[in-house]
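In the working numbering, the protein residues as written are 39 to 575. Working notes for the structure below.
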Amino acid sequence: AADFVMTRCVHDDCLPMNAHDHTITFDFRYLNDASMFSSNGLCGKQKATAERNSTELSKMIDHGRDELLHHRLVIALLAFKWARLNRLYYIHLLAYTLFLAVFTSFMLLTDAPYLFKNETITNMKEICVILDNANEKAYRHHVLFPKYATMIFCVINLIAEILQFIRDGLLYLNLENLLEVAIYVLTLLTIVDSNMCMMRTGLREDWQWNCGTLGLFLAWNNLLLFVRRGPVFGIFVIMFVSVSLTFVKFICVFSPFLIAFALSFHALLTNQNAFKNMQNSLIKTFVMTIGEVDLGDIHFIFQHLFERYSSTEPDKQVHYEFLTYLLFIIFLALMCIVMMNLLVGLAVDDIKAVQRKATLKRQEMRVELLLAMESTLSRFGQLTAMPARYDYRPNRRETNVDMVFHQGYCNYQKTTKDLDVKPEDESVDFAEIEKAVKSIRVQNLEIAKLLNKVVDRLNMDSGAYRRTSASRSKRSARNAPLAIASTSGMPQLDLSAGLATEEGPQLPSDLAEAPAPTIERLNVDEDYDQEPVLFSA
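What follows is the structure in structure tokens.
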């Protein structure tokens with residue numbers, strides 16, 4: 039029903055596609071809240087975030103209506119919204135990129151605090167006093183601009199996040215918003231000077247440098263969230279996230295193997311630096327799992343297989359060579375070959391699954407992005423007027439909105455068509471197909487048996503009818519001369535001989551002797567693995 043209504047909302051004139059005035063009219067009234075349209079056909083002020091997220095587009099995503107998300111009307115609505123709101127997305131992306139650039143510049147231009155420590159002086163306050171007295175700086179030139187620019191960006195964004203929290207309440211608490219708040223707080227803790235000496239020298243405390251390192255890591259990862267919601271590269275971010283989640287699950291399941299080998303190597307090779315403690319053993323075992331065996335550093339490998347204990351150095355001796363070599367060979371077979379190949383196979387399978395749903399994912403991300411931008415505008419009291427109808431003229435693009443709409447609409451349609459015609463051999467379940475074919479063969483066999491019963495009945499009835507007709511014809515032929523003779527005084531027929539004494543009517547030979555025609559039965563083969571019915575030529 040929804041597909042039928044949406045199809046009725048797309049009106050295409052009868053002009054040729056290449057005609058200059060060819061027009062396609064899209065009616066968007068049923069894809070937005072009715073209360074959002076004013077009397078002049080434009081949407082009024084947007085609702086709050088919770089109400090806005092209950093629109094028809096969000097319902098399509100929640101209920102998995104893929105065919106509706108690929109409908110021409112939905113594609114046109116998303117393309118039109120993007121044509122009007124894409125500047126807001128790019129402005130936001132540009133602002134965050136500038137923040138990332140100045141914060142990164144500050145961290146690169148500032149010297150790490152551990153560079154000023156030595157064996158005698160480790161206290162940062164003492165180091166700061168020494169630098170201040172020597173009129174030395176803990177940063178390079180031009181660090182003041184990125185420092186204060188980063189501070190301004192953090193303050194503005196934190197104020198915006200606070201206003202959003204006041205407006206949305208508990209709906210604000212999601213991973214993306216909390217991540218942004220954490221980034222700006224960590225950045226401020228890194229930038230702000232803890233005392234006047236730190237301000238003059240630019241030296242950072244140890245905890246400040248840790249905050250800056252963590253904030254820089256989160257800030258660059260947060261850039262993926264901006265790209266994920268974009269129109270071009272979002273699907274690649276989805277692939278990366280999917281493969282990462284698969285890797286985490288995989289490691290959690292197979293972590294007992296990793297711990298088992300790490301403990302074994304630590305117990306057998308404690309004299310070697312790589313396995314001296316449990317932390318090093320875990321890290322070294324994990325690195326060896328991905329193929330970095332590093333034969334030069336692990337001294338129990340093959341260079342000592344034929345010259346065991348030739349070295350007297352304690353950290354190069356192998357005390358239990360048989361068990362050590364046995365465990366190492368098992369480790370190579372299980373962890374380096376089997377487990378890594380399995381992980382690669384799972385990753386490839388996840389990517390193929392994401393590619394098969396690329397268009398749907400892209401549509402979902404576009405819907406979420408547009409709803410978020412409309413919510414942002416409504417948060418600041420801006421009007422986002424949405425026309426109830428839009429006349430799309432493919433051959434007449436007069437405004438910037440028309441050009442962006444045309445580009446987005448054509449790209450969406452092309453992607454949707456490619457998805458519809460693209461074979462998905464990887465997703466074919468051959469077991470299900472074989473089961474369906476066998477079921478069809480069983481049905482055909484039952485139908486063939488039933489048809490053979492019908493044929494047998496028809497042949498039986500046809501033969502009885504022929505025999506009855508022939509006997510009746512014979513009796514009629516025999517009785518006819520008797521009746522004539524009795525009434526007209528003609529000579530009698532010799533019935534015992536079956537011949538008339540005089541010429542009289544006889545039974546036609548083709549009727550008396552011809553066998554009844556029969557219908558051929560179907561040749562039924564009850565072997566389900568072969569064709570159950572063979573039709574004769």
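Ideal placement from N, C-alpha and C gives every residue a C-beta, glycine not left out. All figures in this text were calculated on a predicted structure; none of them were measured in a lab.
According to the Cβ coordinates, are residue i and residue j closer than 8 Å?
i	j	result
L69	L123	no
G272	A176	no
L147	R178	yes
F369	F299	yes
L213	L256	no
F303	F295	no
D51	H60	yes
Y447	F66	no
F144	K119	no
F141	L254	yes
L407	R267	yes
F64	A114	yes
M44	H108	no
I557	L483	no
L126	M411	yes
N315	Q355	no
Give me the Cβ distance between residue i and residue j, rounded to the nearest whole Å; I'm assuming they're in contact under 8 Å.
i	j	result
Y134	F264	6 Å
T414	C374	With a Cβ gap of about 49 Å, T414 and C374 do not count as contacting.
T188	T225	6 Å
L398	D104	5 Å
A117	Y450	6 Å
M377	F274	About 26 Å separates the two Cβ atoms, so there is no contact after all.
L252	Y222	About 13 Å separates the two Cβ atoms, so there is no contact after all.
M162	E243	6 Å
State the Cα-Cα distance for the pair residue i and residue j, rounded to the nearest angstrom.
i	j	result
M237	A220	24 Å
L560	D494	11 Å
F360	L307	13 Å
L489	K476	20 Å
A486	I471	22 Å
N56	N433	7 Å
E330	K322	9 Å
R261	A385	Just to set this straight, residue 261 is Leu in the shown sequence, not Arg. Cα-Cα distance, rounded: 23 Å.
P319	L211	Note on identity: in this sequence residue 319 is Ser, with Pro being the wrong assignment. One C-alpha to the other measures close to 39 Å.
V48	I62	7 Å
D170	F137	30 Å
C166	I200	35 Å
L545	K491	A caution first: L545 carries a pLDDT of 47, below 50, which makes its placement in the model unreliable, though a value can still be read off. So the alpha carbons of these two residues sit roughly 34 Å apart.
L106	R404	15 Å
L364	L372	12 Å
L209	L409	14 Å
E164	V181	23 Å
C290	S282	12 Å
L380	F288	9 Å
V270	V286	27 Å
Q202	D387	39 Å
L131	T362	54 Å
F443	M424	14 Å
I194	E436	38 Å
For residue i, does the count of other Cβ atoms within 10 angstroms reach 16, so buried, or fall short, so exposed?
i	result
P54	exposed
H357	exposed
V325	exposed
Y152	exposed
A474	exposed
Q481	exposed
M498	exposed
V382	exposed
W247	buried
Q401	buried
Q317	exposed
I276	buried
A305	exposed
F183	exposed
G207	exposed
C249	buried
Are the C-beta atoms of residue i and some chain D residue less than 8 Å apart?
i	result
L211	The displayed structure is made up of one protein chain only, and chain D is not part of it.
Cβ pair count under 8 Å reaching 3, the segment 231-240 against the segment 92-111: They do not touch, by the three-pair rule.
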